[in-house]
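Undergrad: For the sequence shown, position 137 matches number 137 in the working numbering, and the numbering has no gaps at all.
Ideal Cβ positions, reconstructed from N, Cα and C, are used throughout, including at glycine.
The structure is given below, and queries will be raised subsequently.
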Amino acid sequence: MRLLRRLWPYYRPGWHLVAASFLQIALASFLGVQSPRIVGWMVDRVLTEGQWKWLIPGALAVVALAAVQGVIRYGQRYCMELVSQKVIFLVRSDLYEKLQSLSFGFYDRAQTGELMSRVTADVEAVRQAAGMGIVNGSMHLFSVIGIIASMLLMDWRLAIVSLIFVPFLALALQRFTALSHKAWKDVQVQTASLSAAIQENLAGVRVVRAFARENEEIAKFEVQNNRFQENNLKAIRLMSFWTNLMNFMAAVGTVTVIWYGGRRAIDGAITVGTLIAFNTYLANLLNPIRMIGNIVSMFTRAGAGLTRIFDLMDTKSDVEEKPGASAMGRVKGEVVFEHVGFSYQGDSRVLEGINLQVKPGMRVAVLGMTGSGKSSLINLVPRFYDPTEGRILVDGVDTRDVTLESLRRNIGIVLQETFLFSTTLKENIAYGKPEATMPEIIAAAKAAQIHDFIDSLPDQYETVVGERGVGLSGGQKQRVAIARAILMNTPILILDESTSAIDIQTEHLIQTAMDRVMQNRTAFVIASRLTTVMNADLVVVLEHGRIAEIGKHADLVQREGLYKTIYELQLKPADEAKGVAV
């Protein structure tokens with residue numbers, strides 16, 4: 001009921017269809033309980049009294065009732081299915097919107113396959129219950145009530161005796177509901193684990209093939225698949241046992257009617273037609289009782305799915321906009337770190353005591369050994385994460401006081417892990433600026449040194465790239481990502497190892513273009529090649545999350561510090577090979 005109360009706002013726009021459906025269910029159920037009465041009446045008039053003139057009218061009445069009932073049930077099913085589709089459309093939209101609003105920190109912890117399971121399997125379970133589950137459940141409930149009421153009106157003594165099993169049936173149903181909820185929740189959780197295993201394997205299929213680990217991956221999948229099967233079989237065994245137990249209880253009622261009702265008919269207390277009508281009612285009662293068990297199972301599965309869906313909707317994002325946050329216009333590009341500290345989910349600090357002032361138009365190179373906090377530092381600027389200590393100012397404004405969209409519209413980013421969508425190269429480049437003209441897209445591609453390659457393709461900019469950019473080399477993907485950042489023409493640029501997959505010659509061409517692009521723009525550059533660092537206005541060297549050194553290349557290379565060590569180990573050999581003067 002708690003879940004249904006929360007789900008009700010999604011039904012509210014179509015409440016009139018829900019009301020119409022319930023009205024139709026009540027009417028269909030009322031008509032459904034009339035057939036046994038007509039059959040009993042016909043038996044008494046035709047077979048007992050020999051009034052054969054009532055045979056055809058009675059038969060036509062039964063057929064007419066069935067036809068009218070069929071039309072009404074078609075309407076009720078259509079109404080509720082229409083409502084359920086709209087409900088699930090809204091639920092799925094809210095769920096997707098929630099996923100779009102969650103921070104990087106959430107996705108660091110979550111599994112893609114598990115999230116996909118919530119959006120697909122859990123939502124589908126809710127859809128089935130929200131539409132046909134409610135229709136069938138209500139229809140069977142109304143039928144049970146109508147049948148019991150009709151039996152009591154016909155002969156209350158026989159009705160009470162034949163329905164003596166009902167309290168036991170209610171207890172069995174309550175027990176079944178509790179056990180079924182847990183069983184189907186386990187199934188839903190294992191469905192998510194299975195989806196996560198499949199997604200991870202498909203995403204890493206090239207690594208699996210490269211290391212010839214197919215058999216091991218198949219064995220891992222079989223473990224998850226077996227657990228999924230076991231959980232499903234457990235839920236099915238539970239449903240089968242309790243459903244059959246309830247059928248048995250209903251059968252006891254049938255035997256009771258035949259024994260007690262037969263004696264009353266022999267004694268003349270009731271007519272043969274009444275006894276036949278009672279048997280028909282009781283037979284008609286078996287199917288709703290049997291189906292109620294299935295409906296309960298459906299609802300408990302949907303309840304488990306709703307629990308997981310609402311758990312996700314209730315997840316608090318690590319990065320949230322303040323109420324009434326103002327929109328930021330185009331900034332000049334000043335970025336200031338004030339006593340910034342940062343850690344992931346309460347772990348040991350990744351950054352500590354960061355104080356840094358970057359004036360508009362400055363080019364800042366960020367260096368450090370692996371794990372020193374370089375990417376963490378620049379990810380704080382667009383608020384992919386929020387600092388756990390201190391604050392970050394852009395043009396003197398705390399980034400937590402402005403809307404996320406307006407902040408990120410001022411920042412062009414090329415992430416370390418390049419991602420391209422399964423769409424055209426044109427749309428990938430224009431992703432941050434969908435309204436861009438073709439000349440603007442081409443200019444950005446030329447600046448990123450990718451235009452000549454695109455122009456050589458049969459479909460040129462209309463070429464559709466494969467999933468995650470499959471079909472392009474690492475360097476080509478990075479150049480498309482650089483073109484995407486260039487096209488946005490933002491006052492702040494962030495380049496996280498943006499030339500790591502590019503050969504030296506192409507890097508030189510891109511660097512020349514980027515030098516022009518970065519003019520009068522604030523740029524943060526993480527790079528392992530000295531050519532990127534040498535022209536920086538400021539070099540920030542990180543060590544264990546702290547600023548170890550800061551200054552220009554010419555000054556830092558003369559000191560006996562971490563920068564010189566990095567230079568000697570990583571950068572100098574590459575520079576000497578290219579003949580770069582230091």
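1. Please go through the segment 103-140 and give each complete alpha helix (DSSP H) segment of 4 or more residues, from N-terminal end onward.
2. Could you tell me which uninterrupted alpha helix (DSSP H) segments, each at least 4 residues in length, are contained entirely in the segment 272-349, listed from first to last along the chain?
3. At which residues does the beta strand (DSSP E) containing glycine 390 begin and terminate?
4. If you check the beta carbons only, do leucine 285 and valine 144 fall under 9 Å apart?
5. Just curious, the alpha helix (DSSP H) that alanine 20 is in, first and last residue?
6. So, does the segment 230-248 touch the segment 109-128, judging by three or more C-beta pairs under 8 Å?
7. Under 9 Å, do alanine 483 and alanine 444 count as touching if we go by C-beta distance?
8. Within 10 Å of its beta-carbon, does glutamate 214 have 16 or more other beta-carbons around it, so buried, or fewer, so exposed?
9. Can you tell me whether DSSP reads glutamine 449 as helix, strand or coil?
10. Do threonine 300 and alanine 183 count as a contact pair if the criterion is CB distance below 9 Å?
11. Between which two residues does the beta strand (DSSP E) carrying valine 414 extend?
12. As a quick exercise: from Val364, Val33, Gly113 and Gly137, pick the residue whose alpha carbon is nearest that of asparagine 520.
13. CB-CB under 6 Å to threonine 424, same chain, minus the five flanking residues each way: which ones, in chain order?
14. Give the straight-line distance between the Cα atoms of glycine 396 and asparagine 231, rounded to the nearest whole angstrom.
15. Among the residues of its own chain, which have a CB less than 7 Å from the CB of isoleucine 88, if the five just before and after it don't count?
16. Quick one: any contact between the segment 342-362 and the segment 399-408, if contact means 3 or more CB pairs under 8 Å?
17. Could you pull out every unbroken alpha helix (DSSP H) segment of at least 4 residues lying fully inside the segment 356-392, listed in chain order?
18. Counting Cβ pairs, one atom from each stretch, are 3 or more of them under 8 Å apart for the segment 89-105 and the segment 269-288?
19. When DSSP labels each residue in this structure, what does valine 464 get in the three-state scheme?
20. Counting only the same chain and skipping the five closest in sequence on each side, list residues whose C-beta sits under 6 Å from that of valine 580.
21. Among the residues of its own chain, which have a CB less than 7 Å from the CB of alanine 26, if the five just before and after it don't count?
22. Decide if the segment 380-398 is in contact with the segment 557-571; the criterion is three or more beta carbon pairs, one per stretch, under 8 Å apart.
23. Assess, as a yes-or-no matter, whether the segment 10-29 is touched by the segment 299-314 under the definition of 3 or more beta carbon pairs within less than 8 Å.
24. How would you write the range of the beta strand (DSSP E) that alanine 523 sits in, first residue to last?
25. Rounded to whole angstroms, what is the Cα-Cα separation between alanine 577 and glutamate 568?
26. Can we say the segment 69-79 touches the segment 23-37, given the rule of at least three CB pairs closer than 8 Å?
27. Mapping the DSSP letters down to three states, classify alanine 183 as helix, strand or coil.
28. Using 8 Å as the threshold, is the segment 58-68 in touch with the segment 102-116, meaning 3 or more CB pairs across them?
29. On a CA-only basis, which of Glu200, Val296 and Asp108 is nearest arginine 175? Give me that one, please.
30. Please name the residue in Ile378, Tyr385 and Arg227 whose C-alpha comes closest to that of glutamine 188.
TA: With the structure as the only source:
1. Counting whole runs of 4 or more residues, the segment 103-140 contains the alpha helix (DSSP H) stretches 104-109, 112-117 and 123-128.
2. Within the segment 272-349, the alpha helix (DSSP H) runs of at least 4 residues that lie entirely inside it are, in chain order, 272-313.
3. Unbroken beta strand (DSSP E) run through glycine 390: 389-394.
4. Yes, these two residues count as a Cβ contact at 9 Å.
5. In the DSSP assignment, alanine 20 falls within the alpha helix (DSSP H) that extends over 15-32.
6. Result no; under three Cβ-Cβ pairs closer than 8 Å.
7. Alanine 483 is a Cβ neighbour of alanine 444, given a cutoff of 9 Å.
8. Burial call: exposed.
9. Residue state, collapsed to three classes: coil.
10. Result yes, Cβ atoms of alanine 183 and threonine 300 sit closer than 9 Å.
11. Valine 414 -> beta strand (DSSP E) spans 411-414.
12. It is Val364 whose Cα lies nearest to the Cα of asparagine 520.
13. The answer, listed in chain order, is Glu462 and Val464.
14. Rounded to the nearest angstrom, the two C-alpha atoms are 56 Å apart.
15. Cβ neighbours of isoleucine 88 beyond the five flanking positions: Val123, Val126, Arg127 and Ala130.
16. Look at the beta carbons and you see the segment 342-362 not touching the segment 399-408: under three pairs across the two are nearer than 8 Å.
17. If we require 4 residues or more, the alpha helix (DSSP H) runs fully inside the segment 356-392 come out as 374-379.
18. No: the two stretches stay apart, fewer than three of their Cβ pairs being nearer than 8 Å.
19. Assignment of valine 464 by DSSP, reduced to helix, strand and coil, places it in the strand class.
20. Because the pLDDT of valine 580 is 48, which lies under 50, any placement of that residue in the model is unreliable, and the number read from its coordinates should be weighed accordingly. Non-local beta-carbon contacts of valine 580 in its own chain, meaning distances under 6 Å to residues more than five positions away in sequence, are absent.
21. Here the set comprises Phe142.
22. With a cut-off of 8 Å, the segment 557-571 and the segment 380-398 do not count as touching, because too few Cβ pairs lie within range.
23. Verdict: no, contact absent.
24. Boundaries of the beta strand (DSSP E) around alanine 523: 522-526.
25. Note that alanine 577 scores 49 on pLDDT, short of 50, meaning its location in the model is unreliable; the coordinates nonetheless yield the value given after this. It is roughly 13 Å from the alpha-carbon of alanine 577 to the alpha-carbon of glutamate 568.
26. Flag = yes, the segment 69-79 and the segment 23-37 touch.
27. Helix, per DSSP.
28. Two segments are said to touch when three or more pairs of C-beta atoms, one from each, lie closer than 8 Å; by this definition the segment 58-68 does not touch the segment 102-116.
29. Per the Cα distances, Val296.
30. That would be Arg227, whose Cα lies nearest to the Cα of glutamine 188.
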